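Inspection log for the structure reproduced underneath, given as structure tokens.
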Amino acid sequence: MQILSDFQLHRPASLDEAVQLRSELGDGAALYAGGTELLLALKMGVLEYEHLIDVKRIPGLNAIEVQGAALRIGATATHRDIETSPLVAEHVPALSKLARHVANVRVRAAGTLAGNLAFGEPHADPAALLVALGATVELLSSGGRRSLPVEQFAVGAYETELGEDELIEAVVVPLPTAQTRATYLKFQVLERPTVGVAAVARDGDAPTVVVGAVDEKPVRIEASDGVEDYVNAARDAVDPVDDLSGSAEYKRHLTGVIVRRALEALAA
Amino acid sequence: MTMTTTRISGTINGREVTTEVDNATLLLDLLRDLGLTGAKPSCEMEVCGACAVQLDGLPVSACTTLAIELDGRTVETVEGLAQSADALHPVQRAFLQKSAFQCGFCTPGMIMSAKALLEANPSPSRDDVVHWLEGSICRCTGYESIVEAVLEAAEEMRNG
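Now the structure itself:
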């Protein structure tokens, strides 16, 4: 078995305590929720922390609720919580469907949406759809609260705007109007998506298209003039690399294919 | 080197367990050190399902779960399902009837994942079963007999 190095465990009982620990421990500590990404990295020795701050036992932090005109997903809500939430199914069904197809059932039972964003693994599903939906993350530190669009929060591979004294309190998705259509479509042969495409059309406006899992962060496709325009723009916009999921050329081609299918699904 | 430890209390297969564990210990190691060797170390990266156990009812990869997660919670492993060979769990019986294993390495994980599904959804469709078992890898059977077994167990459990 792989061996983890020793660490001190902190189990804050409240957000105040958690934020206090973040201030005190700084970059010597990792936030720990589902652990589905963090523990892999710790086992491989890619990351090492003296402290883990387990936020799972903070009461209410996994709540999923509608507040005003937004769906608010607490930081410790798991992919399965989202998949099975009647509120998510009612208001943002594309997110329910996405959650149902994240990794596998064991990862969905443990892993959290906020953790997924905080880890910043590029080959992941949620960020692309959240960017297309205009979602934000609520960040909390002892200095106060700030809200950042997911699009800005994601900086690059394993890199986010999360400060070393901050934690994610919630992921906030503006409620789509009844006329909004949204979809997330991916192509995947290994454990992680090769290409994921989110398309969201609000009230007859030109769709917002965001490509995930190809570049280090989600790529917004700037186009406006029909499916072909989006397909060509997407092929040009992504900057893939050769890896186990395929060659750069293959991924560029695949990006166009999945963008086309996503837009067709939106129109269907 | 002294390891930092945490005192935990939880339930494993219906038995209260209180123990001091190293924080860095994985749930899979804790279980196997207790003699519960049904869950297997295999891919060790949450991909294959050979180490699947139920944590508060849901399947998790014990290879990538800390032992401290047992604290205040309930873990079920394949060893807890049957007290004797003639008192098998319906999922175990169905796996036998459908010959849903050959080498048996993946079977404890498959059975615990299937049991978790049937507890969450007593009437799964074939698609539900296939979707739930994505990420549970068997290199012998080709999966068809496993899916059949889970559907059969579902029917048996519904009919009591």
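Note that the protein sequences, when read in sequence, are chains A and B. Using my numbering, the letters of the first sequence map in sequence onto residues 2 to 269. Using my numbering, the letters of the second sequence map in sequence onto residues -11 to 148. Beta carbons: idealized from backbone N, C-alpha and C, even for Gly. Note that the coordinates shown come from a computational prediction; the quantities given were computed from them, not determined experimentally.
How would you list, in chain order, the residues of chain B whose beta-carbon sits under 8 Å from the beta-carbon of residue i?
| i | result |
| --- | --- |
| SER6/A | ALA12 |
| LEU41/A | MET33, GLU34, THR52 |
| ARG81/A | LEU46 |
In chain order, what residues of the same chain lie with their CB nearer than 7 Å to the CB of residue i, ignoring the 5 residues before and after it?
| i | result |
| --- | --- |
| LEU191/A | LEU245, SER246 |
| VAL9/B | THR(-7), THR(-6), ILE(-4), LEU18, ALA55, ILE56 |
Which residues in chain B sit within 9 Å of residue i, going by Cβ to Cβ distance?
| i | result |
| --- | --- |
| GLN9/A | THR(-8), ASN11 |
Using only the alpha-carbon positions, how far apart do residue i and residue j sit?
| i | j | result |
| --- | --- | --- |
| VAL258/A | VAL232/A | 7 Å |
| LEU88/A | ASP226/A | 34 Å |
| THR25/B | LEU163/A | 40 Å |
| ARG61/B | VAL198/A | 38 Å |
| LEU141/A | ALA268/A | 39 Å |
| GLU265/A | THR178/A | 20 Å |
| ARG262/A | LEU255/A | 11 Å |
| PRO150/A | ALA119/A | 13 Å |
| ALA73/B | GLN80/B | 10 Å |
| GLU217/A | ARG107/A | 25 Å |
| LYS28/B | GLY135/A | 42 Å |
| HIS11/A | ALA102/B | 34 Å |
| ALA207/A | ALA133/A | 12 Å |
With which residues is residue i paired in a DSSP beta bridge?
| i | result |
| --- | --- |
| GLY145/A | SER142/A |
| THR52/B | DSSP output for THR52/B lists no bridge partner at all. |
| ASP206/A | Answer is none; ASP206/A lacks a bridge partner. |
| TYR33/A | ASP55/A |
| HIS11/A | ILE54/A |
| LEU14/B | LEU54/B |
| ASP244/A | GLY247/A |
| SER(-3)/B | THR6/B |
| GLY197/A | LYS187/A, GLY213/A |
| ARG109/A | Answer is none; ARG109/A lacks a bridge partner. |
Under 9 Å Cβ-Cβ, which residues of chain A neighbour residue i?
| i | result |
| --- | --- |
| GLU123/B | First, the residue type needs correcting, since residue 123/B is Gly and not Glu in the sequence shown. Ordered by position in chain A, the residues that pass the 9 Å Cβ test against GLY123/B are ALA104, ASN105, VAL106, ARG107, VAL108, GLU192. |
| SER101/B | VAL106, ARG107 |
Would you verify that the beta carbon of residue i is, or is not, closer than 8 Å to some beta carbon of chain A?
| i | result |
| --- | --- |
| THR35/B | Position check: residue 35/B holds Val in this sequence, whereas Thr was assumed. By this cut-off, VAL35/B is an interface position. |
| THR6/B | no |
| ALA137/B | no |
| ALA40/B | yes |
Residues of chain B with CB under 7 Å from residue i, in chain order?
| i | result |
| --- | --- |
| THR37/A | GLU34, THR52 |
Output needed for residue i: all residues of its chain with C-beta closer than 6 Å, excluding positions within five of it in sequence on either side, in chain order.
| i | result |
| --- | --- |
| VAL220/A | VAL212, ALA238, VAL239 |
| TYR159/A | GLY121 |
| ALA90/A | SER97 |
| THR6/B | SER(-3) |
Report the neighbours of residue i on chain A: residues whose CB is nearer than 7 Å to its CB, in chain order.
| i | result |
| --- | --- |
| SER49/B | ARG107 |
| ILE56/B | LEU10 |
Measuring only between beta-carbons, confirm whether residue i sits less than 8 Å from chain B.
| i | result |
| --- | --- |
| ALA111/A | yes |
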